[in-house]
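Each remark here refers to the structure printed beneath this line.
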Amino acid sequence: MSGLASMRPVRVVGIGMHPYQFPTETPYVTLGLTALRQALGDAGLSWPDVTFAAIGTGAIGMAAGRVMLRHIGSTGLEVMQIENASASGSSAFRSACLMVASGQHEIALALGVDKFGTAQRAAHKDGIPRLTPAAEIPAVKFALMARAWRDRYGLTREDMARVAVKNHGNAARNPYAQFRKPRTLEQVLNSNPVAGDLTSLQCTPRGEGAAAVIVASEEAIRRHGLDRGRAIRVLSSVSSSEHAVADEGWSLVEMVQRSGLSALAAAGVGMEEIDIIELHDAFTIEEIVYAEALGLCPLGEGAAQLREGKWDIGGGGCAVNPSGGLLGMGHPIGPTGAGQVAEIVRQLRGEAEGRQHPGARTALAHMIGLGSVAVGHVLQRD
1 MSGLASMRPV
11 RVVGIGMHPY
21 QFPTETPYVT
31 LGLTALRQAL
41 GDAGLSWPDV
51 TFAAIGTGAI
61 GMAAGRVMLR
71 HIGSTGLEVM
81 QIENASASGS
91 SAFRSACLMV
101 ASGQHEIALA
111 LGVDKFGTAQ
121 RAAHKDGIPR
131 LTPAAEIPAV
141 KFALMARAWR
151 DRYGLTREDM
161 ARVAVKNHGN
171 AARNPYAQFR
181 KPRTLEQVLN
191 SNPVAGDLTS
201 LQCTPRGEGA
211 AAVIVASEEA
221 IRRHGLDRGR
231 AIRVLSSVSS
241 SEHAVADEGW
251 SLVEMVQRSG
261 LSALAAAGVG
271 MEEIDIIELH
281 DAFTIEEIVY
291 AEALGLCPLG
301 EGAAQLREGK
311 WDIGGGGCAV
321 NPSGGLLGMG
331 HPIGPTGAGQ
341 VAEIVRQLRG
351 EAEGRQHPGA
361 RTALAHMIGL
371 GSVAVGHVLQ
381 RD
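According to UniProt numbering, the sequence shown is numbered sequentially starting from 1.
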């Protein structure tokens with residue numbers, strides 16, 4: 001797991017997004033190029049300046065990136081398409097960073113884009129019948145995690161529901177979010193039951209959208225006369241997958257913990273220096289468990305911090321999912337991880353109007369893919 005520290009510096013110079021939304025007839029090309037054009041304009045670059053593109057997508061199909069980029073101009077750039085479940089956009093961003101850090105390219109693009117497609121999981125094609133098919137359903141899996149945290153640490157239904165209240169409130173102030181309506185604790189608790197203690201407002205639905213992030217070397221920033229004051233440094237980028245552990249139900253928590261700590265160590269910063277975390281919260285229980293696993297607080301103490309408002313924007317601590325997270329921002333799969341980076345860059349620049357976390361300097365983006373891969377990035381403004 002490489003953290004970029006031994007390579008040349010990489011900075012984010014441009015970001016762009018197509019708002020996340022419920023499925024429409026809008027072609028994915030329109031979604032993706034909307035985000036790309038925004039990112040080029042934000043950076044002050046022309047399309048031919050970009051010589052590498054990593055396209056993160058989970059449900060569109062083979063060669064989606066090449067087909068899409070043809071519509072903005074065929075320039076001969078290197079194109080790589082990446083599918084890594086929910087971490088597709090995160091993996092695309094890591095690939096773009098590595099291309100610049102290693103000297104292979106000066107300016108690189110990570111673009112996540114997806115429609116609500118028909119992608120099927122390979123886990124269902126491995127030829128091994130499942131003894132308990134229901135346990136493979138994500139809502140069931142995380143309802144069981146919630147039950148384990150309840151039994152071990154006394155987590156309540158209200159504790160989990162507060163995650164949705166916070167994140168829907170953040171998303172209501174985010175013009176790129178799929179859900180822009182604040183929710184009360186009562187609304188969350190009384191929404192339709194899904195599995196265990198999880199209700200519909202505690203589960204993210206699928207949608208569509210796009211997010212683009214352009215990274216560049218210091219030399220490229222000088223040569224193109226880009227605004228270095230808005231260029232955010234990528235301190236580390238790590239990727240890993242699950243380990244075999246004695247308690248199979250603990251493997252996901254262990255993976256999040258290990259990958260997050262690796263990202264921080266590679267960046268040379270401690271969790272106490274992190275001002276913002278964007279993390280995977282497709283279900284409310286995930287934000288609590290993963291924030292604890294990442295070291296924001298000891299295991300079992302996340303609910304208390306949430307109740308005290310320490311994870312709020314401007315709450316005096318580390319803001320968790322100021323974008324609204326997957327619960328409020330949305331989870332179109334391919335763009336999700338790249339969208340996390342775009343939100344962090346906006347925050348670190350001080351440009352997150354209406355939801356700006358004061359004094360934000362260092363941030364962690366952490367994403368998991370299908371419970372078996374993890375990708376983490378640490379970014380910092382000068």
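For each residue, glycine too, the CB sits at the ideal point set by N, CA and C.
Quick caveat, the model's predicted, so the values are computed rather than measured.
Opposing strand residues paired with residue i [DSSP bridges]
| i | result |
| --- | --- |
| Asn167 | According to DSSP, which records beta bridges pairwise, Asn167 is partnered with nothing at all. |
| Leu36 | Partner(s): none; Leu36 has no beta bridge. |
| Met329 | Paired residues: none, contrary to the question. |
| Gly209 | Asp114 |
| Leu84 | First, the amino acid is wrong: residue 84 is Asn here, not Leu. Paired residues: Ser86. |
| Gly316 | For Gly316, which the question treats as bridged, DSSP gives no partner whatsoever. |
| Thr199 | Pro193 |
Residue i - containing alpha helix (DSSP H), residue span
| i | result |
| --- | --- |
| Gly339 | 336–349 |
| Gln178 | Note, Gln178: premise wrong, no alpha helix (DSSP H); not H, not E. |
| Met145 | 138–153 |
| Phe93 | 88–101 |
| Leu185 | 185–190 |
| Ala64 | 64–69 |
Counted within 10 angstroms of its Cβ, other Cβ atoms place residue i as buried (16 or more) or exposed
| i | result |
| --- | --- |
| Phe52 | buried |
| Lys115 | buried |
| Trp250 | exposed |
| Phe22 | exposed |
| Asp312 | buried |
| Gly314 | exposed |
| Lys166 | buried |
| His18 | buried |
| Asp281 | buried |
| Arg11 | buried |
| Thr34 | buried |
| Gly369 | buried |
Chain D contact for residue i (CB, 9 angstroms cutoff)
| i | result |
| --- | --- |
| Leu189 | Among the protein chains of the structure shown there is no chain D, as only one such chain exists. |
Endpoints, beta strand (DSSP E) assigned at residue i
| i | result |
| --- | --- |
| Gly14 | 11–21 |
| Thr284 | No beta strand (DSSP E) holds Thr284; the alpha helix (DSSP H) holding it covers 284–293. |
| Leu306 | That residue, Leu306, is in no beta strand (DSSP E); its alpha helix (DSSP H) goes 302–307. |
| Gln380 | 373–380 |
| Gln104 | Unbroken run through Gln104: none, as it is neither H nor E. |
| Ala352 | Premise fails: Ala352 is in no beta strand (DSSP E) and is neither H nor E. |
| His280 | Element bounds for His280: n/a, residue is neither H nor E. |
| His357 | Run containing His357: none; DSSP gives neither H nor E here. |
| Met367 | 362–369 |
Practice item. Please confirm if the region 176–187 is in contact with the region 224–239, defined as three or more CB-CB distances below 8 angstroms between the two stretches. Key: no
Check your understanding: Are there three or more Cβ pairs, one per stretch, closer than 8 angstroms when the region 347–364 is compared with the region 264–274?
Key -> yes
Practice item. Count the C-beta pairs between the region 43–63 and the region 301–315 that are closer than 8 angstroms, then say yes if the count reaches three, no if not. Key: no
Check your understanding: What are the complete alpha helix (DSSP H) segments, minimum 4 residues, inside the region 213–263?
Key -> 218–223
Check your understanding: If you pair each beta-carbon of the region 152–162 with each one of the region 193–204, do three or more pairs fall below 8 angstroms?
Key -> yes
Check your understanding: Okay, do the region 305–325 and the region 271–284 touch, 3+ Cβ pairs below 8 angstroms being the bar?
Key -> yes
Exercise for review: Pair every Cβ in the region 209–216 with every Cβ in the region 319–338, then say whether three or more of these pairs are closer than 8 angstroms.
Suggested key: yes
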